[in-house]
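Residues in the sequence shown are numbered consecutively from 1, following UniProt numbering.
In what follows, a structure is listed as structure tokens, so that the remarks can point back to it.
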Amino acid sequence: MAKSIVAALQIGALPGGKGETLDQILSWEDAIRESGAALVVMPEALLGGYPKGEGFGTQLGYRLPEGREAFARYFANAIDVPGAETDALAGLSARTGANLVIGVIERAGSTLYCTVLYFDPQAGLLGKHRKLMPTGTERLIWGKGDGSTLPVFDTQVGKLGAVVCWENMMPLLRTAMYAKGVEVWCAPTVDEREMWQVSMRHIAHEGRCFVVSACQVQASPNALGVEIANWPSDRPLIAGGSVIVGPMGDVLAGPLRGEAGLLTAEIDTEELVRARYDYDVVGHYARPDVFELSVDERAKPGVRFNS
Numbered sequence: 001m002a003k004s005i006v007a008a009l010q011i012g013a014l015p016g017g018k019g020e021t022l023d024q025i026l027s028w029e030d031a032i033r034e035s036g037a038a039l040v041v042m043p044e045a046l047l048g049g050y051p052k053g054e055g056f057g058t059q060l061g062y063r064l065p066e067g068r069e070a071f072a073r074y075f076a077n078a079i080d081v082p083g084a085e086t087d088a089l090a091g092l093s094a095r096t097g098a099n100l101v102i103g104v105i106e107r108a109g110s111t112l113y114c115t116v117l118y119f120d121p122q123a124g125l126l127g128k129h130r131k132l133m134p135t136g137t138e139r140l141i142w143g144k145g146d147g148s149t150l151p152v153f154d155t156q157v158g159k160l161g162a163v164v165c166w167e168n169m170m171p172l173l174r175t176a177m178y179a180k181g182v183e184v185w186c187a188p189t190v191d192e193r194e195m196w197q198v199s200m201r202h203i204a205h206e207g208r209c210f211v212v213s214a215c216q217v218q219a220s221p222n223a224l225g226v227e228i229a230n231w232p233s234d235r236p237l238i239a240g241g242s243v244i245v246g247p248m249g250d251v252l253a254g255p256l257r258g259e260a261g262l263l264t265a266e267i268d269t270e271e272l273v274r275a276r277y278d279y280d281v282v283g284h285y286a287r288p289d290v291f292e293l294s295v296d297e298r299a300k301p302g303v304r305f306n307s
């Protein structure tokens, strides 16, 4: 169907860890069903958490023992893919009839990845995208994804792809996703800034696609009973800002700030042909005689065994 309801679920990882956070996600089942949403996008690092302000005991040139302990706790709170948490999310997708796109911290071997998982009501876990480029000190705790997890799925709401947080500012990644025909661009994030709103509107307008961005919302350090270095004690750690944008850059819903909620909007993918009439970024507006992008989608394991 060309018309469908899409949603951004704005919630945050809870202090009690992945079990408590998973229960919180599942508690939105009735609201998702009542909204009629065929797609629900959830924030970056929702299951596993985004440890804002944590230094992991690292100074340039050395690491403190307490940082290793902090990482061990963070690793224990990450999820296996597949695993018990993905089974529960597949069940939520099946019961609500909604495709789910959710940010998690995935553990593989002894490495963590900032990952987005896709769920389908019939097929369950469809696949994943691992964040290609962690930002700043995220690189201390997350590995980098490779080109093998850049999927676009044909779903009930259209062709669906996901790009995480500041990956959205990588022009070549955007171009690759546009070339895959993304119609509904999912952007899990923890970026609460006004500039994020500008980026989401730009991507919708550039790609002539619908954008659904879901941001975490977290209380202030005071409210959480913690101290965060160089962060005002009464300022929310993450203030939200989930938003849904149309293919001409028009805001359809949101931004939702400072509270949890299910943000919804009706979209119509038939609008995309009209929107691309005068601007198809990888079609008639491209200049392949001047510019060419090559994308390596091969998996890049550190060790290969040829037998």
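Ideal Cβ positions, reconstructed from N, Cα and C, are used throughout, including at glycine.
Query raised in the report: Since K131 contacts Y113 with CB under 8 Å, what's their CB separation in whole angstroms?
Result: Indeed they touch by this definition, with Cβ atoms about 7 Å apart.
Query raised in the report: Are V190 and E44 close, meaning C-beta to C-beta below 8 Å?
Result: Yes, they are a contact pair.
Query raised in the report: Roughly how far, in whole angstroms, is the beta-carbon of I32 from the beta-carbon of T96, given that I think they are within contact range, below 8 Å?
Result: I32 to T96, Cβ: 5 Å. Contact.
Requested in this report: Compare the C-alpha of G55 against each of P247, T137, L293 and name the closest.
Outcome: Closest by alpha carbon: T137.
**Report entry** Selection from V295, M42, G16 that minimises the alpha carbon distance to V116
**Finding:** Of V295, M42, G16, the residue nearest in Cα terms is M42.
Query raised in the report: For M177, is the classification buried or exposed, using 16 other Cβ atoms within 10 angstroms of its Cβ as the cut-off for buried?
Result: It is buried - the Cβ of M177 has at least 16 other Cβ atoms within 10 Å.
Query - Beta-carbon contacts of I203 that lie in its chain and below 7 Å, excluding the five residues immediately before and after - result: Residues of the same chain with a CB within less than 7 Å of the CB of I203, apart from the 5 flanking positions on each side, are N168, R174, W185, V211 in chain order.
Query raised in the report: So what does W185 bridge to, in DSSP terms?
Result: Answer is G161, V211.
**Report entry** Nonlocal neighbours in the same chain, by C-beta distance under 7 Å from residue 396, ignoring five residues either side
**Finding:** Nothing can be reported for residue 396, as the shown portion of the chain is limited to 1 through 307.
Report task. Compute the Euclidean distance between the alpha carbons of I105 and E297, then round it to the nearest angstrom. Result -> Distance between the alpha carbons of I105 and E297 is about 22 Å.
Query raised in the report: How big is the Cα-Cα spacing for H205 and A223?
Result: Computed Cα separation, rounded: 38 Å.
**Report entry** Enclosing beta strand (DSSP E) for V251 [first to last residue]
**Finding:** Where V251 is concerned, the enclosing beta strand (DSSP E) stretches over 251–257.
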